[in-house]
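Residue numbers (the working numbering): 793 to 1117. Read through the structure below, which is laid out as structure tokens, and then see the notes.
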Amino acid sequence: MTLPLASRLRLGMMTIHREPDELSGPWEPRIDDLVTFVQAVDRTGFDSLWVGDHLSMPLPFLDPFQLLAQAAVVSRRLLLGTSVYLLPLRHPGPVAKQVKTLDHLSEGRFIFGVGIGGEFPKEYEVAGVPIGERGARLGESVEVLRTLWTGEPAGYQGRFFRFSDVLMRPPPRQAGGPPVWFGGRQEAAFRRMGRLADGYVSYVVTPQMYRNALTSIARAADEAGRTIGTFGTGHLLFTRVDDTREKALDVAAASLSKRYGMDFRRAADRYGALGSAEDVAEVIGAFHDAGVRHVIVDLVGPYERRLEQLERFAGEVMPLLAGLR
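Structure (structure tokens):
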């Protein structure tokens, strides 16, 4: 099987956060900042807005569903997505209600990206979930969600979740529920995607790694006997436009090292789209050639300069990608 992909490239924008050392005191999120950012993403011609998800990490993080619910009011055009929601940390029953609510509040513009995380073990500790179960819980949770999204009395008997004759209404705005895109980089994850996913959303991979992943997913889908209409393909790409690649790399490495609490320079160098507009567009083009149809731009660098980076990307990089869009 060859996975059927969309034809045109879409560009998404990741929400921005203050790095820990940019906080002079307690962090107080401001509604005006969110509104200004979403309006800028909409006005400059991006196709979507994405948020991440963590219970505990060095960055201050808000709940992704509530962030997107507010963003849905600010922009009535942008697609909205999670990249990615750590589903194994939660019980899928309440999540089914939250997701279908967001699907209605966004007027059917929601893409539900899910993953397992694991780089911050304290998240699993505080949620009371054994970290070694996260992959199995993800697959079972997605099955539970789709069961509860039918709008009819539903039951499920699995390893972690069991219930019968549960009616959860209304059903989602999108028939069958929002598309569920899976994150992951291991063969076990690709096999799970082949069985269950509507799409694949990655980060910290190269174009060749992405191409290989799609081959593995297609093989697993074929083994599962699935018939797939269109398979969504996304990639979160650390991005910075600057005068030279070296300058961009210096800023990206400093920013990402703070975000993840580790030396991220080698990873930024290998996985980022950094440098001139032409440098950035070349990397995006390589991912498009590998099968990515939805690039999620994650602007790295000082918080106060990220709106400037957004405008620079829109003004300098987007025109170079017009032929793919």
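Even glycine gets a Cβ: it sits at the ideal position worked out from N, Cα and C.
Distance between residue j and residue i (C-alpha atoms, nearest Å)
i            : j            : result
residue 847  : residue 924  : 18 Å
residue 866  : residue 913  : 34 Å
residue 971  : residue 949  : 23 Å
residue 1004 : residue 820  : 42 Å
residue 852  : residue 1035 : 30 Å
residue 926  : residue 794  : 28 Å
residue 1117 : residue 955  : 45 Å
residue 977  : residue 966  : 28 Å
Residue i, buried or exposed, once every other Cβ within 10 Å from all chains shown has been counted against 16
i            : result
residue 959  : exposed
residue 1015 : exposed
residue 856  : buried
residue 892  : buried
residue 895  : buried
residue 1009 : buried
residue 918  : exposed
residue 983  : buried
residue 845  : buried
residue 1054 : exposed
DSSP bridge partner residues for residue i (one or two, in chain order)
i            : result
residue 802  : 1086
residue 831  : DSSP output for residue 831 lists no bridge partner at all.
residue 949  : 954
residue 1032 : 1066
Proximal residues to residue i (C-beta, below 6 Å), its chain only, five neighbours per side dropped
i            : result
residue 989  : 974
residue 1066 : 1032, 1037, 1040, 1041, 1044
residue 805  : 833, 838, 841, 1089
residue 937  : 884, 888
Own chain partners of residue i with C-beta closer than 8 Å, once the 5 adjacent residues on each side are dropped
i            : result
residue 1027 : 993, 994, 995, 997, 1002, 1079, 1084, 1086, 1087, 1088
residue 922  : 916
residue 1059 : 996, 1048
Heavy atom of the ligand FAD within 6 Å of residue i beta-carbon
i            : result
residue 1012 : For the structure depicted, the ligand FAD is absent and the ligand set is empty, with no information on it obtainable.
Cut-off 7 Å between Cβ atoms - residues of its own chain near residue i, not counting five sequence neighbours on either side
i            : result
residue 869  : 834
residue 843  : 807, 856, 859, 860, 874
residue 1073 : 1109, 1112, 1113
Checklist line | Completely contained alpha helix (DSSP H) runs for the segment 954-1012, where each covers 4 or more residues | finding: 979-988
Note to self: Could you tell me which whole beta strand (DSSP E) segments of length 3 or greater appear in the segment 836-894?
What the structure shows: 840-843, 871-874
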